[in-house]
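Numbering (this note's numbering), first residue to last: 7 to 506.
Yeah, the Cβ is synthetic: ideal placement off N, Cα and C, and Gly gets one too.
Right, one structure below, let's go through it.
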Amino acid sequence: MTGVIRARFITLFACACAFGSPIVAFGQSERGLRHGQISELRSSTGAAPSVAASAPHVAGDVLFLDDFVGFHACALVGGGPGCEPFDFNGDGQVNLLDYAEFMIRFLPGQQGDTCAGPKTIAAIPFTSDNTNCGFTDDYDEICDFNTPGAPDVVYAFSPTSNVIVNITLCRNSNYDSKLYVYEDVCGVRQSDTAIACNDDDCFTPSFTAGAWVSQLPEVPLFAGHTYYIVIDGYDAPGDPNDGCGLYTLDVSEATMVCPGTGSCFVAHATPGCEDETCCGLVCAADAFCCGQNIEGDGVWDPFCVQAALSLCGPPPPPCPGGTLAGAGATAPTGLWVAGASDLGWFAGAVNRLEEFSAVGSPICQVRWWGVNARTTDGDNYDPCVKNPDSYRVRFHADNLGEPGAVVCDHTLTPTRTVTATSYATAGGDLYPLIQYDATLPACCSLGAGWVSVQGLANVDNCVFLWMSSGQDGEGFHIVDDGASTVPEVYDLSFCLLAGP
Numbered sequence: 007m008t009g010v011i012r013a014r015f016i017t018l019f020a021c022a023c024a025f026g027s028p029i030v031a032f033g034q035s036e037r038g039l040r041h042g043q044i045s046e047l048r049s050s051t052g053a054a055p056s057v058a059a060s061a062p063h064v065a066g067d068v069l070f071l072d073d074f075v076g077f078h079a080c081a082l083v084g085g086g087p088g089c090e091p092f093d094f095n096g097d098g099q100v101n102l103l104d105y106a107e108f109m110i111r112f113l114p115g116q117q118g119d120t121c122a123g124p125k126t127i128a129a130i131p132f133t134s135d136n137t138n139c140g141f142t143d144d145y146d147e148i149c150d151f152n153t154p155g156a157p158d159v160v161y162a163f164s165p166t167s168n169v170i171v172n173i174t175l176c177r178n179s180n181y182d183s184k185l186y187v188y189e190d191v192c193g194v195r196q197s198d199t200a201i202a203c204n205d206d207d208c209f210t211p212s213f214t215a216g217a218w219v220s221q222l223p224e225v226p227l228f229a230g231h232t233y234y235i236v237i238d239g240y241d242a243p244g245d246p247n248d249g250c251g252l253y254t255l256d257v258s259e260a261t262m263v264c265p266g267t268g269s270c271f272v273a274h275a276t277p278g279c280e281d282e283t284c285c286g287l288v289c290a291a292d293a294f295c296c297g298q299n300i301e302g303d304g305v306w307d308p309f310c311v312q313a314a315l316s317l318c319g320p321p322p323p324p325c326p327g328g329t330l331a332g333a334g335a336t337a338p339t340g341l342w343v344a345g346a347s348d349l350g351w352f353a354g355a356v357n358r359l360e361e362f363s364a365v366g367s368p369i370c371q372v373r374w375w376g377v378n379a380r381t382t383d384g385d386n387y388d389p390c391v392k393n394p395d396s397y398r399v400r401f402h403a404d405n406l407g408e409p410g411a412v413v414c415d416h417t418l419t420p421t422r423t424v425t426a427t428s429y430a431t432a433g434g435d436l437y438p439l440i441q442y443d444a445t446l447p448a449c450c451s452l453g454a455g456w457v458s459v460q461g462l463a464n465v466d467n468c469v470f471l472w473m474s475s476g477q478d479g480e481g482f483h484i485v486d487d488g489a490s491t492v493p494e495v496y497d498l499s500f501c502l503l504a505g506p
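Okay, here's the thing in structure tokens:
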């Protein structure tokens with residue numbers, strides 16, 4: 007069969023071709039579609055998925071469909087619908103190249119061709135019967151094999167809450183596939199930036215040449231991010247279907263079984279923890295935490311606690327609205343540092359100073375964050391509660407990029423609030439983040455300079471450690487041990503505020 011595409015009022019017959027025989031047919035009258043228009047992929051009566059063009063018309067009442075054997079046309083044969091091979095691109099052969107040509111000419115807008123215009127997954131569970139034939143080859147990842155590339159299709163999903171998903175092509179895809187996921191930004195070819203990638207994992211009813219169809223079980227996705235799921239192929243010489251074919255994409259929430267007791271934020275000698283959601287997120291990232299590693303001997307160790315704090319714990323509170331200068335504490339997910347700033351430090355008094363600028367109002371209130379710890383050598387620490395908990399807060403003028411003369415000097419007993427945020431160390435200790443709030447006896451007028459916070463009272467070597475920030479853009483602070491001043495390359499957490 008050969009011919010040209012026309013659009014007019016016609017009577018349409020749709021059929022699914024199964025090895026050359028029609029298995030379902032119906033008729034309806036509608037206007038023929040114009041160039042670039044085609045209905046989406048669908049399955050007919052539960053049989054092999056077919057791509058049903060709503061009206062492309064070729065030399066008679068004809069609808070194009072495909073099957074898993076070759077590209078066919080569904081035409082009027084003896085007054086009724088029938089199937090026969092169709093050479094759509096006119097090269098003398100009937101194969102998937104005809105299907106690709108058909109999709110290029112009639113698929114609407116090629117949505118999903120790149121991450122800039124992906125197909126959208128609004129919610130899960132989600133299923134899509136489609137093809138990568140006719141799409142361009144924009145992306146590629148190596149997992150575990152490298153190829154010259156194949157056509158790829160992109161889906162985007164933005165979860166509204168943290169979720170673990172199964173992503174699979176294993177239900178009934180019919181070609182040698184590849185499947186990978188990017189977070190927020192799609193990588194350049196073979197950039198190794200995918201958060202998950204799989205090449206070969208399963209057979210399907212329509213692909214039995216080998217376990218070369220792809221799936222990604224238990225992929226953790228997080229609210230606030232957009233994930234790009236790329237359906238690709240393995241296009242090696244002689245490979246079945248040349249890396250192109252029909253696929254069924256299923257995305258569903260994974261069911262994680264997390265046995266265990268005890269807090270997710272405290273290390274213990276058994277696998278798992280009591281919060282099933284948090285446990286599932288942690289174990290998807292590190293199977294050892296739930297005893298699901300190859301050896302099966304995992305425990306909920308300090309690394310699992312740190313992962314729980316990162317994935318499930320609340321973030322530290324930010325500076326309030328109207329803050330004149332400063333930034334909140336580094337989250338447990340970040341590279342946090344807590345440095346001693348206390349008269350009672352085991353090696354002698356130490357004071358830390360942080361720079362600020364562009365303050366347009368008098369400073370009347372100060373907020374800062376830190377933890378309490380006990381040490382006698384600077385290497386081994388234990389959590390403690392500093393009591394009494396008084397501080398010296400000083401404001402210095404700036405002297406050529408270093409702290410200068412003291413402008414304001416106050417001794418304070420701030421309001422102490424233990425927040426819901428905690429930090430775990432490699433040794434398994436858990437340090438709650440403490441928020442300190444103080445109103446100055448007299449407001450300090452200083453548009454730019456340095457602020458220092460130093461703990462005063464010391465009982466049983468329990469001292470104040472000032473928590474890092476990393477958000478205010480300076481990138482360093484000054485440490486003064488009484489003998490010298492040296493910079494350390496991280497910022498400290500504090501907020502300078504005007505009066506109530």
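Asked                                                                                                                        : Found
7 Å CB neighbourhood of Gly410 in its chain, flanking five on each side removed                                              : His402, Ala403 and Asp404
CB of Thr254 within 8 Å of CB of Arg177, strictly                                                                            : yes
Alpha-carbon to alpha-carbon, Cys284 and Val257                                                                              : 21 Å
Residues bridged to Tyr429 (per DSSP)                                                                                        : Tyr437
Contact check, Tyr387 vs Asp238, beta carbons under 8 Å                                                                      : no
C-alpha distance - Asp443 paired with Cys468, whole-angstrom precision                                                       : 20 Å
Residue environment, Leu406, which counts as buried when at least 16 other CB atoms sit within 10 Å                          : exposed
Chain-order list of residues whose beta-carbon lies under 8 Å from that of Pro493 (same chain, five-residue window excluded) : Phe482, His483, Ile484 and Val485
Identity of the residue in Leu359, Ser396, Leu498 and Val457 nearest Thr491 by Cα                                            : Leu359
Segments assigned alpha helix (DSSP H), at least 4 residues, entirely inside the segment 260–309                             : 282–291
Three-way DSSP call (helix, strand, coil) for Val311 in this model                                                           : helix
Three-state secondary structure (DSSP) of Gly239                                                                             : strand
Beta-carbon contacts of Trp218 that lie in its chain and below 6 Å, excluding the five residues immediately before and after : Asp182 and Asp206
Neighbourhood of Pro131 by C-beta, 8 Å cutoff - its chain only, sequence neighbours within 5 removed                         : Asp256, Val257, Ser258 and Glu259
Close Cβ partners of Thr382 (< 8 Å) along its chain, the five nearest in sequence each way excluded                          : Phe352 and Asn467
Which residues DSSP lists as bridging Lys587, in chain order                                                                 : Outside the displayed range of the chain (7 to 506) lies residue 587, so it cannot be described from this structure.
Pairwise C-alpha distance: Cys192 and Leu6                                                                                   : The chain is shown from 7 up to 506; residue 6 falls before or after that span and cannot be answered.
Spatial distance of Gly505 from Cys450 (CA atoms)                                                                            : 11 Å
Helix, strand or coil at Gly334 according to DSSP, with G and I counted as helix                                             : coil
Span separating the alpha-carbon of Ser347 from that of Val372                                                               : 16 Å
Asp190 burial status per 10 Å Cβ neighbour count (16 or more: buried)                                                        : exposed
Distance between beta carbons of Leu252 and Ser164, contact taken as under 8 Å                                               : In fact, because the Cβ distance is near 27 Å, the residues do not count as touching under 8 Å.
Cβ distance (whole Å) where Cys270 is taken to contact Gly286 below 8 Å                                                      : The Cβ separation is near 11 Å, so there is no contact.
Alpha carbon of Pro323 to alpha carbon of Gly123, nearest angstrom                                                           : 36 Å
For Trp472, the residue or residues it bridges with in DSSP                                                                  : Gly345 and Gly376
Reduced DSSP category for Leu498 - H, G, I as helix; E, B as strand; rest coil                                               : strand
Beta carbon of Val365 nearer than 8 Å to that of Val459                                                                      : no
DSSP-derived helix/strand/coil call for Thr51                                                                                : No answer about Thr51 holds up, because its pLDDT of 34 lies below 50 and its placement is not dependable.
Beta-carbon gap between Cys390 and Ala379 smaller than 8 Å                                                                   : yes
Cα-Cα separation, Val75 to Lys125                                                                                            : Caution applies to Val75, whose pLDDT of 31 falls short of 50 and renders its modelled position unreliable; the value that the coordinates give is listed next. Rounded to whole angstroms, Val75 to Lys125 spans 27 Å at the Cα level.
Terminal residues of the beta strand (DSSP E) in which Tyr397 lies                                                           : Tyr397 to Asn405
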